[in-house]
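A.B. asks: What follows is a structure written as structure tokens; I'll ask about it next.
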Ligand SMILES: Cc1ncc(C[n+]2csc(CCOP(=O)(O)OP(=O)(O)O)c2C)c(N)n1
Ligand SMILES: Cc1ncc(C[n+]2csc(CCOP(=O)(O)OP(=O)(O)O)c2C)c(N)n1
Ligand code: SF4
Ligand code: SF4
Ligand SMILES: [Mg+2]
Ligand SMILES: [Mg+2]
């Protein structure tokens with residue numbers, strides 16, 4: 024096949040471009056996630072930098088052809104360092120009118136729109152709410168704005184598979200591979216990786232070689248169609264990117280989260296106990312970890328989120344690395360339990376994969392609006408360490424960080440991921456496991472009081488952490504509980520001074536974590552007109568916007584907080600070096616509040632609540648407005 | 024009896040004083056709450072201003088004689104306006120060594136300490152942890168510092184009741200009345216109100232006239248003992264206070280809370296549905312309301328706090344005034360439910376009687392550390408109105424305010440009381456019910472859309488509130504839920520712009536409440552060196568500290584926020600008129616954070632976490648330190 | 012607000028204009044239809060119905076019912092329903108939700124609602140899986156079941172919803188099946204008539220994540236031998252040829268073949284009011300036993316919670332009169348401060 | 012860490028130096044003593060015991076046991092216990108809490124722990140009241156009971172903890188009484204020996220807020236006629252003169268008098284493994300029936316949850332080897348970027 028693709032070069036010109044963003048869309052049943060994923064693999068294996076984002080429908084299987092049943096998958100592949108799946112779509116593949124309707128406005132002017140013409144009929148127009156008399160493919164305005172390329176994919180796929188010996192339904196299922204073939208031709212990509220996958224997956228795993236063969240046939244047919252049909256005046260080529268050398272794989276945030284925590288447990292020489300209750304968009308962490316039993320992982324699907332956090336605390340008390348995970352509504356339910364962990368001073372990590380709220384909100388959409396809850400959503404003075412990964416692959420590193428801090432400071436750590444990075448994927452330079460520092464844990468086996476008794480709340484002067492003595496250890500029997508404890512002994516105490524002291528000590532202990540938290544790095548000049556300060560999943564977008572702004576000659580730098588409580592020690596320094604601090608967030612200004620309160624800086628927010636990532640262009644524009652250019 | 028007390032005047036001099044703080048303490052079984060309450064009634068009926076605070080033990084019935092079984096009751100009565108039960112105790116009544124031990128350090132130097140000498144024996148010293156060889160009554164240092172007055176109360180009570188025909192145990196139970204008699208003599212107070220109570224309570228209600236008679240006898244015996252024994256060189260007299268004219272009763276915060284909400288329902292022409300789960304220190308609200316069935320109150324003791332908040336929301340959806348109440352740990356559990364109420368836009372009031380945390384903490388002790396949770400302890404952008412009564416009687420007014428706002432803005436209102444005002448009591452000038460504005464509620468009975476359909480999310484342009492249509496209304500059938508809603512129709516919507524708009528609208532609606540919230544009043548000059556800004560139960564203490572500072576010539580004013588979200592509109596103005604803003608709180612600086620973030624003012628906190636109210640003297644001193652005098 | 016005469020409703024009067032968003036082939040469609048067919052027969056006004064649900068596929072139910080509706084939060088629907096009845100006992104409250112919602116996170120609220128005997132109707136749409144979150148096991152999933160969260164099989168023993176309901180004190184317990192709309196309607200009509208909590212388990216097929224889990228009990232061919240239709244006072248007979256039945260054997264139920272000296276009159280008669288028998292019936296499971304369908308237990312001995320609560324209020328007022336707020340505020344010791 | 016030989020413990024080895032803070036006369040004292048007497052007989056090391064509780068008077072229990080202990084939050088103790096067993100199945104976990112804690116706010120966790128058959132021992136100290144919060148009614152309080160929160164009587168029908176446990180799938184269900192330390196010890200020893208969740212209801216007197224609620228069953232005079240001692244395989248006989256017993260009457264239990272042609276051998280024999288019978292036994296209530304004491308149900312048919320979970324891990328490792336983290340990270344399609 025690769026020779027075939029080579030020969031294709033003679034037909035049309037190939038135009039080199041830096042980056043291309045393609046979106047595949049169609050009905051949930053059209054296999055768009057698979058198609059996008061396969062194209063991504065192809066690009067990644069080729070050596071492009073990639074970033075992807077799937078857009079699932081909220082329904083499990085919405086009726087075919089409706090707009091709310093549309094499934095989308097966007098991938099940007101590039102010869103340069105990229106951080107996002109791209110703002111504007113350069114090429115859209117729309118398998119049906121509903122997909123066309125819901126996605127067309129994201130295509131850049133002049134962009135390519137490949138449609139499965141066969142699905143553009145009255146019946147389908149009705150299903151997605153177009154007027155029956157209106158055919159969008161005939162709309163002059165749209166045809167002026169976009170290069171609409173009509174392909175009768177259903178018919179062509181059927182024709183190519185007349186002798187495949189499969190039913191009509193199964194034949195039609197190969198249309199997505201036909202579309203992928205076209206796209207591979209258009210962007211000059213080999214078919215080998217996809218063929219390999221189809222052979223393996225359908226041929227070997229599912230033991231359906233005929234399905235594999237049909238899909239491969241459709242794929243090739245699409246490719247040849249691109250070559251022959253002269254629908255495209257030009258092909259595009261995106262050269263290899265200059266990534267750091269090493270071995271890569273594609274990884275989503277939820278996958279990296281799971282792998283990071285497994286690695287943390289291994290580095291701590293512990294079992295990982297993951298207690299969770301399914302919830303979008305966090306469930307995948309449970310699914311992934313439940314398959315990793317051989318790696319020292321115990322998973323517990325609890326009856327609810329309260330049970331999950333409490334079981335995790337029990338597991339921590341008993342001496343394993345305890346993790347619980349959820350999304351916003353579940354974090355609300357875990358508040359009381361986390362408060363207990365603050366009092367018990369046991370290590371615990373709580374994952375919150377944020378989604379659009381409040382309440383049930385828009386479960387499949389992203390948002391960053393749980394920060395204040397993570398910081399303060401518990402009764403009493405109940406401080407936790409809060410960290411937030413900034414990209415899919417960063418989830419791996421921050422997961423390890425989370426446990427390193429939890430264990431060292433004997434306290435809960437809240438790990439704020441979000442739907443955007445959880446589901447998005449990017450290339451991941453595989454880490455050298457030996458280079459990751461072990462997580463030191465010491466369970467005492469001897470009493471720590473000259474009189475021979477054990478003092479469960481006697482603190483390490485450096486970290487203020489108490490000893491983590493675990494059940495099963497002879498002679499260290501002790502009782503923990505949620506009532507205020509006497510310093511050292513841990514006995515119940517209602518003493519006023521003791522309470523004041525313990526409250527302050529718990530707070531001081533969390534602040535101590537700043538001792539080992541890396542300093543905040545600035546991208547761009549160390550001082551200037553404006554600093555775009557972000558946290559969490561907006562990293563790629565803010566970074567790209569900052570790069571664009573600097574390229575356009577503006578004095579704008581960017582910095583991204585992975586540690587939200589405590590902050591890196593140099594944060595006030597960094598903030599002081601810029602005239603304006605701009606804080607873009609997908610909420611109404613939560614980090615903004617904290618920064619303002621902490622440093623009395625008149626920082627300005629850029630805030631959107633659209634259930635999705637900022638557009639880079641919007642960030643650039645709003646930043647320029649704020650700095651007055 | 025009143026003639027008897029008159030004749031007593033000839034024995035010793037009477038010294039007029041402005042205010043006296045007495046604390047009664049002893050074992051939980053010693054009846055200290057009753058004793059304190061009766062003395063308070065006497066003072067109130069006489070015309071003093073009063074303020075009381077009980078200090079219950081954490082245990083139900085701790086073993087007799089232990090320090091953790093000590094029960095205390097403090098009352099300040101005064102001829103001037105007072106706001107607190109007093110810092111330093113002028114007179115302590117200690118019925119046993121444990122009471123003496125745990126309370127003596129709160130007595131002012133030179134203060135009177137009346138002890139039941141009979142209980143000061145080795146056995147009791149051991150129970151409360153004194154060295155067996157040490158008798159505190161013989162301690163020179165203590166005798167230098169205090170006027171310790173030894174009274175063999177057990178023996179004297181027994182002697183006075185030799186012919187009462189009661190068992191030894193019952194006779195000993197009258198010791199508290201003996202002590203009360205002594206105190207009444209010392210402060211020149213009539214015995215009538217107490218005799219009346221004893222007659223009614225034991226004689227009529229419990230049908231035990233012999234117990235009434237014995238208690239009265241002991242009371243009189245104590246009084247005569249004071250008169251005859253010449254233990255005190257001087258009597259004290261506290262003149263009538265100049266309170267606003269009108270009819271008064273003594274009221275605790277929890278009682279006033281219950282009555283306020285009942286009144287709100289009456290003013291709204293609604294049933295009050297109170298759904299709650301018992302928890303210290305909020306349970307009394309449930310107890311009180313459960314007795315008020317005749318007043319249109321339905322109470323529901325739910326299986327937990329989650330059920331309670333959800334049942335309340337159900338009741339609100341169905342058209343009644345819905346209330347739920349709890350303390351910190353319960354508020355944590357209600358977060359998810361409150362978030363739903365935010366989304367449904369139904370009126371709901373949530374009481375949080377704050378206690379010392381985190382976690383189970385010190386349930387019987389007070390704290391103000393749930394403010395940030397009330398503001399932000401929910402996933403997503405989930406704004407609520409937050410109000411906080413500032414004194415026991417203010418609970419009545421703020422309860423009505425809470426419902427007025429909830430109904431007008433169709434949203435949850437969190438009502439932050441605390442253990443200090445909940446259990447504390449003060450005189451309450453009984454309100455003129457007719458003068459309280461009705462709470463206007465309009466349930467639509469007609470559709471609001473020209474096309475004849477009903478739009479449950481069509482907003483009132485002035486308040487941004489949606490219509491409160493209730494089940495049972497023909498033609499207005501509609502469905503509410505926690506998924507994001509389309510503007511007007513309330514249908515489920517995943518539209519990005521709609522979500523952005525709805526999030527902002529819900530936030531704007533809550534801010535609208537500032538339109539009808541009273542402006543913040545300043546006590547003292549309108550500008551100056553420092554403003555002590557507080558909220559909640561610290562009102563009395565901060566106000567008194569401010570008054571003392573001004574009397575001492577300092578330019579310090581005070582202001583107290585009853586509305587914490589939104590703030591009164593003039594707050595920035597007020598803040599701007601003082602050089603230093605000082606925010607005393609019984610937490611680590613929660614209002615402080617909000618004020619700093621909102622107004623970028625370098626406000627300073629005075630923060631204590633001792634499970635109890637500030638001492639006025641400490642506030643004065645710390646304020647002086649801050650303003651540099 | 013009401014005209015005095017009850018309008019005659021058709022099923023479609025209870026359908027909203029919202030697109031039904033369940034997957035094609037989902038068992039929920041048939042249940043929705045059955046409910047829409049049942050309501051017009053119950054003699055209540057449309058505006059007096061409130062459909063309440065938690066979260067899950069099943070819990071989308073209220074959106075499709077043109078009545079008042081509350082799609083609440085996960086697991087808490089029974090509490091909302093209780094609140095609604097406390098506020099307005101005249102409303103007719105139906106709670107429709109899934110096995111995860113009502114038995115996992117919501118198990119406690121369901122149990123307490125049942126023991127209090129709040130006058131609502133609960134339809135448990137049991138598909139033995141978490142549908143909405145895409146296929147994790149639920150509390151009714153079989154031991155050893157492989158799902159997304161249990162790749163080598165569920166380590167939990169499932170809860171038996173009906174045994175649990177009986178044990179928890181529910182006063183009406185029944186079972187039906189999604190595809191048998193007529194049976195469903197019959198059972199629902201009885202549930203609606205019951206004063207107190209009625210708890211109806213409906214075997215529901217999740218076409219996507221747990222297809223065919225109930226086929227033994229729902230398909231024409233296997234159904235007669237795998238289920239038994241209970242009728243009050245009637246002998247417990249089942250089988251494709253009505254040739255099998257149930258008898259007591261000491262303290263246990265046993266299956267007997269008819270013929271060979273065993274006749275219908277030797278079979279156990281169904282007694283809806285016998286709680287111990289009801290418990291034993293709910294314990295029967297295929298293939299050892301036929302699984303009971305219909306009304307398993309129905310007791311009218313207890314008052315409803317909402318009735319008792321409102322009766323307490325009524326009696327308080329009857330005894331001491333409607334409360335006078337002024338008097339209430341002025342209770343206890345008061346004193347007057349005169350104008351100086 | 013362990014010496015190989017098990018030390019010989021005395022009850023006082025299990026007592027801490029903390030003052031016991033229950034009210035004088037509280038039934039909890041006797042139960043504490045019984046537990047401290049039982050543990051030394053069980054052949055486990057002190058450091059392997061973990062006592063877990065929720066919140067309430069009963070829940071103070073761990074503070075008085077010189078073992079590892081966790082006084083957690085209200086209602087969630089079963090979840091903590093489950094987590095402890097997941098982390099270290101070798102620990103011997105005892106859960107001691109009150110009726111409010113385990114049945115009201117904690118009912119769901121209790122139920123799910125029971126159905127999963129987590130290998131822990133639960134002691135429900137049932138005083139039919141909320142002690143710690145000073146006297147509100149609990150889910151086991153009688154209908155009509157007057158308490159601080161129900162001044163004219165409780166409107167809730169109580170839950171029957173044992174029926175509910177049987178209905179929820181618990182594998183070991185028993186009942187005992189605070190004042191009968193010997194009986195308690197016997198029952199607890201059996202509970203400790205049971206693999207899986209054992210659920211023991213202990214009738215406990217709250218001396219302050221619900222005094223004498225169980226006196227009919229605890230006092231010498233009334234006890235023989237108001238309770239029945241169950242012994243496996245033994246006839247169900249009771250009464251001060253051992254002159255009464257239980258028989259089956261169709262599908263129901265009935266009380267019969269011995270004599271007049273009815274002899275001990277006509278009585279029902281107790282079968283701990285008969286779940287239907289167990290349910291009927293838990294339904295018996297005084298004065299119509301004697302209330303059963305002892306082991307009502309004990310089944311060893313099910314594996315424990317912790318065993319299954321850890322067995323799945325063991326098997327996974329046995330089949331495919333211990334996981335190699337490096338391989339895991341390098342799974343799937345990878346590509347190499349060379350140094351330019
Ligand atoms: C607090 C909370 N936790 C978790 C979820 C995620 N969630 C939604 S529905 C559901 C389970 C649905 O299962 P079931 O009740 O059986 O309904 P089905 O979809 O099968 O009809 C879960 C876990 C949520 N919405 N809220
Ligand atoms: C979340 C939460 N809600 C409420 C409480 C208050 N609370 C503490 S113990 C208790 C009930 C105690 O009753 P029970 O479990 O029967 O124990 P007992 O005191 O009778 O032994 C309640 C309601 C709490 N601590 N936490
Ligand atoms: S996932 Fe299953 S239960 Fe949910 S709608 Fe689809 S078929 Fe029905
Ligand atoms: S209140 Fe009751 S249960 Fe609690 S310690 Fe006192 S007697 Fe025991
Ligand atoms: Mg389900
Ligand atoms: Mg209890």
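Residue numbers (my numbering), protein chains in the order written: chain C, 24 to 652; chain D, 24 to 652; chain U, 12 to 351; chain Y, 12 to 351. Glycine residues also receive a C-beta, built at the ideal position from the N, C-alpha and C atoms.
(1) Compare the Cα-Cα distances from residue 84 of chain D to each of Y/344, Y/232, Y/146 and report the closest residue.
(2) Assess contact between the segment 152 to 169 of chain D and the segment 183 to 190 of chain D, defined as three or more Cβ pairs (one per stretch) separated by less than 8 Å. Is contact present?
(3) Using three-state DSSP, classify residue 274 of chain Y as helix, strand or coil.
(4) Considering residue 62 of chain Y, what are the terminal residues of the beta strand (DSSP E) in which it resides?
(5) Is residue 273 of chain Y close to chain D? Criterion is C-beta to C-beta, closer than 9 Å.
(6) Put residue 4 of chain D into one of helix, strand or coil per three-state DSSP.
(7) Checking 9 Å against the spacing of the C-beta atoms, do residue 118 of chain U and residue 170 of chain U come in under that value?
(8) Would the segment 598 to 614 of chain D count as touching the segment 550 to 560 of chain D if we require 3 or more Cβ pairs under 8 Å?
(9) Mind checking who residue 247 of chain D pairs with in its DSSP beta bridge?
(10) Confirm the yes/no value for this check: CB of residue 142 of chain Y, any heavy atom of ligand 6, distance under 8 Å.
(11) Between the segment 93 to 112 of chain U and chain Y, which residues of the former have CB atoms less than 8 Å from a CB of the latter, in chain order?
(12) So is the beta-carbon of residue 136 of chain Y under 8 Å away from any non-hydrogen atom of ligand 6?
(13) Would you please verify whether the beta carbon of residue 145 of chain Y is less than 9 Å from any beta carbon of chain D?
(14) According to DSSP, residue 183 of chain U sits in a beta bridge with which residue or residues?
C.D. replies: So, to answer that:
(1) Y/146
(2) no
(3) coil
(4) 60 to 64
(5) no
(6) The structure shown does not extend to residue 4 of chain D, since chain D is modelled only from 24 through 652, so no value can be given for it.
(7) yes
(8) yes
(9) According to DSSP, residue 247 of chain D bridges with nothing at all.
(10) yes
(11) none
(12) yes
(13) yes
(14) U/209, U/309
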